[in-house]
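Next up, the structure:
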């Protein structure tokens, strides 16, 4: 039995966590009243990014795993702020 789908799912979850931590540590974040401290947010994001590379590499090959982790992280860091902006826009009265 192949464990590749489990590693891919783990990589997607870890990548999502890394993207959220990077977003919460940025100055432009709109979820929290104050931004998360920079060093713990970025350090946690980097650790989760490395774990993402390892999970995807375990499912495929090292080079493809690194590529997959970059694509997943770029997707999360692009779409998460958009989703947050849409959610905040819906909460504000017109």
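In this note's numbering, the protein residues as written are 12 to 105. Quick reminder that beta carbons are idealized off the backbone N, C-alpha and C, glycines included. Predicted model only: the values in this text are computed from it and were never measured.
query                                                                                                                           : result
Taking the alpha carbon of residue 14 as the reference point, which residue from 96, 54, 71 has its own alpha carbon closest?   : 71
Pull up the distance between the alpha-carbon of residue 43 and that of residue 35, whole angstroms please.                     : 8 Å
From residue 38 to residue 73, what does the alpha carbon distance come to, in whole angstroms?                                 : 33 Å
Using only alpha-carbon positions, find the residue among 60, 21, 65 that is nearest to residue 88.                             : 60
With a threshold of 16 other CB atoms inside 10 Å of the CB of residue 32, please say whether the residue is buried or exposed. : buried
Please say whether residue 18 and residue 96 have beta carbons closer to each other than 9 Å?                                   : no
Secondary structure at residue 92, three-state DSSP: helix, strand or coil?                                                     : helix
Provide the residue span of the alpha helix (DSSP H) that contains residue 51, from first to last.                              : 49 to 70
At the level of alpha carbons, what is the spacing between residue 64 and residue 83?                                           : 10 Å
Using the Cα positions of residue 52 and residue 104, report the straight-line distance between them to the nearest angstrom.   : 31 Å
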